[in-house]
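This report refers to the structure that appears directly beneath it.
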Amino acid sequence: MTLLGTSRTRRWIPAATAALALAAGLLTVGAPTASAAGLTQISSFGSNPGNLAMYAYAPDGLPTGRPLVVALHGCSQSASDYHAHSGWAQFADQDKFAVVYPQTGSSNNSLSCFRWFDPAQSTRGKGEALSIKQMVDKAVAQYGSDTSRVYVTGLSAGGGQAANLLADYPDVFAGGSIASGLPAQCATSQNGASSCQYGSMNLSAAQWGDKVRNSYPGYTGPYPRVAIWQGSSDYTVYPVNGTELRDQWTNAWGLSQTASSTRSLPGGTTLTSYDDANGRPAVQLYSISGMGHGLAVDPGSGTGQCGSTGSYYLDTICSSYYTAAFWGLDGSGGTTALPAPTGLAVSSTTDTTVTLGWSAVGGAVSYDVYRGGVKVGGAAGTSYTDSGLSAGTGYSYTVAAVDSSGTVGARSAAVTATTTAAPYTPQCFTASNYAQVTAGRAHTSGGYTYANGSNQNMGLYNLFVTHTLKETADGYYVISDSGC
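Numbered by mature numbering (1 follows the signal peptide of the UniProt record, and there is no 0), the letters in the sequence shown go through residues -36 to -1, 1 to 448 in order.
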């Protein structure tokens, strides 16, 4: 972004003027194509040090003990824009949860951006971050929401602030989703915002993870599960931010940056998952080929469709649907809609292959197979042969069912398979006793030569006595002068 504005100053940073949207910002927003009816403003929710407005949507007949989602708009947008276009209202009705829409304005920032780049607004117990925490407390009290199932999502500048909230309040948020956003605490000044948006900060995964850990020093609980949505053609918040978010949150979880699984989804989307020690996705990166800056939606009435198009609401894939499934808002428990397959067993092995079988899972259209926690293949049926393995080696396997939407279920209990030893092909060697000893196929004792392994006497140790030795097993030789 090239413009960093506040209510007091506007700072122009030399850069291409085509991207006039700060800090993951959005300059203009089209008229909503979906109704914002039912969205209500809540005027009193705490001291509100960040000077934000609180809007909320709760489906009719919402029972207590349901989840709560906090949704943060992008620059120059509003709570009603996000409510109308994003699809969250649809899933709130379907799966019964409340949605809180914090709203900022031009009195805070000239482009109505959440101030993700300002430590006075983006750190625990301060400014906008504290205002949003107070909104959560208000909504929990008003709707009886389940405090163990509070989530935050955001677009662009809202995505940057969502990342900060996940780092600031891991004791509040069970999960997050960052769409076209920035890593937590990427910038600590207006001047630093453009560097985050337009290029790599050249930090290691550990350095990114430290920004999370330092946001709430001394915290020892679990970190939120994080979904990252990034277009490959985003020139407002460059795609490297998706990679840096991946590095940051996998490191915070103590995970490798090597993917546990990768699969294709609609809209040219590649989903890369990074699983925790229990085989459950902790961090997911959704990379959308060719998509620019905005929130991914997919208007329609089909399964997995949602939202409506508009400026920075881009028709590719319904990000809210997949995010809700990842968090388990649909009752799946978080990308585990199908139960774990039972009966996983090893049916056969060779020196280079392992064949597995398991019981069918109702509703499964395919199965993912994991070796050592990393996906190695898939199967349409209930068997799979893993190949290209090393002889005499043990391998651990699990299997998960996949439903028609591409959601991967829970993984099975692990089984271990050991490949057989490689078959040995006998070889013959004809040479003098001296040469056989020199080659390591025989040894000497008392002036005589003996075959290694069988210890057969081959005669005097010299250059004149010749024998043929047959290696019948590794390092085991017998005299075979009559032929091999």
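Backbone N, C-alpha and C fix where the C-beta goes; we use that ideal spot for every residue, glycine too.
Provide the residue(s) that pair with K90 in DSSP beta bridges, ordered along the chain.
The partner list for K90 (beta bridge, DSSP) is empty, contrary to what the question assumes.
Can you check DSSP and say which residues form a bridge with K60?
Among the bridge pairs identified by DSSP, K60 is matched with none.
DSSP three-state label for R189, please.
R189: strand per DSSP, three-state reduction.
Where does R227 fall in DSSP's three states?
Reduced to three states, the DSSP call for R227 is strand.
Cβ-Cβ distance between S251 and S237 below 8 Å:
For S251 and S237, no; Cβs fall outside 8 Å.
Between the C-alpha atoms of D332 and A344, what's the straight-line distance to the nearest angstrom?
Taking the straight line from one Cα to the other gives about 9 Å.
So, with DSSP's three-state summary, where would you put T234?
In the three-state scheme derived from DSSP, where H, G and I count as helix and E and B as strand, T234 is classed as strand.
Just grab the DSSP bridge partners of Y19 for me.
Assignment of beta-bridge partners to Y19 by DSSP yields Q5 and Y65.
Taking the Cβ atom as the reference point for each residue, do V201 and Y115 lie within a distance shorter than 8 Å?
Contact annotation: V201 and Y115 have beta-carbon atoms that are not nearer than 8 Å.
Do you know how far the Cα of V329 is from the Cα of L302?
When rounded, the separation of the alpha-carbon atoms in L302 and V329 is 11 Å.
Of the listed residues L293, S444, A365 and F290, nearest to W322 (C-alpha basis):
Nearest neighbour of W322 by Cα position, chosen from L293, S444, A365 and F290, turns out to be A365.
For K339 and G373, what's the separation of their Cα atoms in angstroms?
CA-to-CA, the gap between K339 and G373 works out to about 13 Å.
Could you give the distance in angstroms between the alpha-carbon of P27 and the alpha-carbon of K60?
Approximately 8 Å, taken between the alpha carbons.
Quick check: L308 and S351, are their CB atoms within less than 8 Å of each other?
Against a cut-off of 8 Å, the Cβ pair of S351 and L308 comes out as no contact.
Kindly identify the DSSP beta-bridge partner or partners of C392.
C392 is bridged by DSSP to K434.
In the DSSP assignment, find the beta strand (DSSP E) that holds R79 and state where it starts and stops.
That residue, R79, is in no beta strand (DSSP E); it is neither H nor E in DSSP.
Taking the straight line between their C-alpha atoms, what separation do you get for T233 and I281?
Here the alpha carbon of T233 sits roughly 8 Å from the alpha carbon of I281.
Starting from N421, trace the beta strand (DSSP E) in both directions and tell me its first and last residue.
N421 to L424 is the extent of the beta strand (DSSP E) around N421.
Go ahead and pull the three-state DSSP assignment for R177.
Here R177 carries a helix assignment [DSSP, helix/strand/coil].
C-beta neighbour in chain D for A386, strict 8 Å:
Among the chains in the structure shown there is no chain D, since it carries only a single protein chain.
Hey, is the segment 185 to 193 in contact with the segment 117 to 135, meaning 3+ C-beta pairs nearer than 8 Å?
With a cut-off of 8 Å, the segment 117 to 135 and the segment 185 to 193 count as touching, because enough Cβ pairs lie within range.
Mind checking G231: buried by the 16 CB within 10 Å criterion, or exposed?
G231 sits buried, since 16 or more C-beta atoms from the chains shown fall within 10 Å of its C-beta.
To the nearest angstrom, how far is the alpha carbon of N215 from that of S168?
Straight through space, the alpha carbons of S168 and N215 are spaced by roughly 10 Å.
Would you report the Cα separation of Q221 and W172, rounded to the nearest angstrom?
About 12 Å.
When burial is assigned at 16 or more other CB atoms within 10 Å of the CB, is D82 buried or exposed?
That one is buried.
Opening and closing residue of the alpha helix (DSSP H) in which Y414 lies:
In the DSSP assignment, Y414 falls outside any alpha helix (DSSP H) and lies within the beta strand (DSSP E) extending over Y412 to A415.
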